[in-house]
DNA sequence: GAATAAACGAGACGGTACGTCGCGTCTTTAC
DNA sequence: GTAAAGACGCGACGTACCGTCTCGTTTATTC
């Protein structure tokens, strides 16, 4: 009788899955060590102990590898505070985002943003990734609306996007460092705009 | 006898300048036609009718060519309105920025942002480019402060950056189209944040 | 009830045979259409609607496929004239050989000769194939000897080989076209050599 | 002052020529050591201590390398005997040809013949190569005609080709070894055919 | 008619070589 | 004597087949 994985197991355990893990792991390692520019298919294949053709069979290019990696990262979602105050919750959220941008994930996000400029597939993947995250984070804003801390016309996702925009601006345009002060200010500015009625749904 | 440019002319007219113009022009053409990815030194040299080594002698890489091109674009600065109302002036400014992002300049900016992720030189060039522009645009905010439309603690450049951030966010992260409505909203949000005291100098 | 082949049919009719025919047919088709260089196992398998592993299970390489094909071609042997004159019989034979070399079989023979340079298996198969054919054709020479048209010491097979040599020379070395005139000349030269005593058995 | 090659030197002495020699030499070595099948561009480049792209820049494929090698070999032409007897001269010539076919040159010729089946460029090169050689060898036949040893209508080149044909036949079709006896017989057969009038000019 | 052995279909995998492209350096040529 | 032309070393690209290897699914035979 052939061995069967027990039901409930998320991923198959065969050779294919072992290859996938080896490649993703090698991608993560090279990315952290040498940056996106040094991330070539050949090096990934070598580092993963896998044939180049095997990598190409399953991923189009390094951007595809990054998407695979991102899918894994997406599992570890940013935690959502619930302090009873929307101001406090968004401040904490902004700090969490800044924390996420630091370290390996930050480099990954940067590389993916750069890539998505030229690569529609990557762009679509990124859009989806952030849409989901923003939707999740918007829950905190909704709670604030329900508590009467924010006008009811406010578009929750729009607030989250307003919160994230300055962080991206710094990371991508001015390349200034991100810290908790910047994060707090971004949260405060988003809330101010929301209360001034500039982030309403039908605006 | 060697030809000499008449005094008073801004750029020298010799072979060197002719080469520079040919290269920049070829860069612009290839960029518009095939996008940044197709912008290789070899193709630029070919299109400019110039030896590859000549290009290398004066620009390090395609990013360098882009910077050269950007310097030309920088000449045509964004006009600054002076309607007597800071809200109106910033609204117009945001619309001008959106207009600037559309068309060839937008593609160029996108490419440069993507490049600056990996390339410190480009990053520095971009930083300088935008610092200058923002400084110029901040004049409108200063006028508003002087007229008492905004608190005196407001950091004028920070307001301009807050105005630009959502536009970049859309252009780079969500790849949504930019229009006048978005521009107006960005201006309003920045002003709201400024009036709420979240964009102050020593904040 | 399973279909059974009528007794006397040479080949079994099962799945195995269907596969064999599909593969041979695909080989013939690809060979005629795109030449030997384009004859890869993968393409043959695809064209035959058969799994690659199935082809590999039964044939070592494309040369093996060619041999299979040749075995089919070998069934249609070159007809042997019997006019009463060895000169006439060999002239007709040479023309038949030239005819055989034209068309698909010619391409196949060329490819097999080229292959046999590197591949001992193919070389052995070719040797056997031609030995059998030459042996058959030598009958005409023997008849000539019996009739006293040729010296009795003449080696019949050697005459056939002498007849074929110039045809191969043209086909392989000079790539000149083969026609009836060339064929007739080859036959005449072989006969002349035979009568001059240069194609004798113990020579 | 730039170094100049002394006049009369056949080949330039620059980098390009050094590369050429390294590649040809590596080709010869690999061919002799491992045979034509093991002759890949990559291995040649490695063995020559040269970049793969450099090889590709100047030769289309391994067949091109072989042609280059053949051009060098062509310099060392087969010597032409002049004993006063055409029979003897052709016998010696045939033996020389057999000698040429043995050793490295033989493997090279075999590989080129195989290649020329598929590759028109190689075919053309081979044709030219042999045309020149045959033309040279035909001188011996012409001398025989002048001495009255052969009929005046005989086509000298055709005799040479008739002489070579059986040698090729053995080498390519039957893969039998070539020796002096075979060579002598080939020469005798060609002469017999010539005297019988089957190798005449307007035949 | 069920059991079983063989052949098949499907396709991932580790490899090797292909031929191309662009980089940035270094020679050579020509003006 | 300088600058254009372009050969070169280098490294990665993405593709094509190679031949091997499971693994699950027919077929065909045998008991």
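Protein chains in written order, with our numbering: chain A, 3 to 205; chain B, 3 to 205; chain C, 3 to 205; chain D, 3 to 205.
Quick reminder that beta carbons are idealized off the backbone N, C-alpha and C, glycines included.
In this text the structure is predicted, and so the values were computed from the model without any measurement.
Through-space distance from residue 23(D) to residue 9(D), alpha-carbon basis: For residue 9(D), the predicted structure reports a pLDDT of 41, less than 50, and the residue's modelled location is therefore unreliable. A value from the coordinates is still provided. The alpha-carbon atoms of residue 9(D) and residue 23(D) are separated by roughly 20 Å.
Check whether residue 49(D) and residue 71(D) have beta carbons under 8 Å apart: no
Every unbroken alpha helix (DSSP H) inside the region 158-204 of chain B [4 residues or more]: 158-170, 182-197
Cutoff 8 Å: residue 45(D) Cβ touching any chain C Cβ: no
Sequence-distant residues of the same chain with beta carbon closer than 7 Å to residue 57(A), five excluded per side: 25, 43, 46, 47
Secondary structure of residue 26(A), DSSP reduced to three states: helix
Residue 168(A): contacting residues in chain B (beta-carbon distance under 9 Å): 163, 164, 167, 168, 171
Span separating the alpha-carbon of residue 37(C) from that of residue 176(C): 20 Å
First through last residue of the alpha helix (DSSP H) which encompasses residue 132(C): 122-148
Closer than 8 Å at the beta carbon, the chain C residues around residue 2(D): Residue numbering for chain D in the displayed model covers 3 to 205; residue 2(D) lies beyond these limits and cannot be assessed.
Counted within 10 angstroms of its Cβ, other Cβ atoms place residue 138(B) as buried (16 or more) or exposed: exposed
Contacts that residue 25(B) makes with chain A (C-beta to C-beta distance below 9 Å): Ordered by position in chain A, no residue passes the 9 Å Cβ test against residue 25(B), which lies about 23 Å from the chain.
Cross-chain neighbours of residue 200(B) in chain A, by beta carbon under 7 Å: 187, 190, 191, 194
C-alpha distance - residue 55(A) paired with residue 183(B), whole-angstrom precision: 48 Å
Partner residues on chain D for residue 116(C), Cβ-Cβ distance less than 8 Å: 115, 116, 117, 119, 120
Validate contact between the region 188-203 of chain C and the region 89-96 of chain C using beta carbons, cut 8 Å, 3 pairs: yes
Nonlocal neighbours in the same chain, by C-beta distance under 7 Å from residue 118(D), ignoring five residues either side: 124, 125, 128
Candidates 60(B), 198(B), 174(B), of which the one nearest residue 109(B) by Cα: 174(B)
Members of the region 130-148 of chain C near chain D, C-beta cut-off 7 Å: 132
Check whether residue 156(A) and residue 87(A) have beta carbons under 8 Å apart: no
Straight-line Cα distance separating residue 28(A) from residue 18(A): 15 Å
Enclosing alpha helix (DSSP H) for residue 99(B) [first to last residue]: 88-103
Residue 52(A) - DSSP class collapsed to helix/strand/coil: coil
Cβ-based burial, residue 122(A) [other Cβ within 10 Å; buried from 16]: exposed
Within-8 Å CB hit, residue 95(B) to chain A: no
Cβ-based burial, residue 196(A) [other Cβ within 10 Å; buried from 16]: buried
Alpha carbon of residue 143(A) to alpha carbon of residue 91(A), nearest angstrom: 9 Å
Close Cβ partners of residue 185(D) (< 8 Å) along its chain, the five nearest in sequence each way excluded: 93, 96, 97, 99, 100, 169
Exposed unless 16 or more other CB atoms sit within 10 angstroms - verdict on residue 187(C): buried
Given residue 80(C) as reference, the closest of 63(C), 134(C), 159(C) once Cα atoms are compared: 134(C)
Any C-beta of chain D under 8 Å from that of residue 152(C): no
Under 7 Å from the C-beta of residue 38(C): neighbouring residues of chain D: 120
is_contact[residue 33(D), chain C] using C-beta, thresh 8 Å: no
Beta-carbon separation (whole angstroms), residue 198(D) vs residue 167(C), contact threshold 8 Å: Not quite, the Cβ-Cβ distance comes to about 16 Å (not below 8 Å), so this is no contact.
Interface partners of residue 112(C) on chain D, CB under 9 Å: 119, 120
Below-8 Å beta-carbon distance, residue 67(D) vs any chain C residue: no
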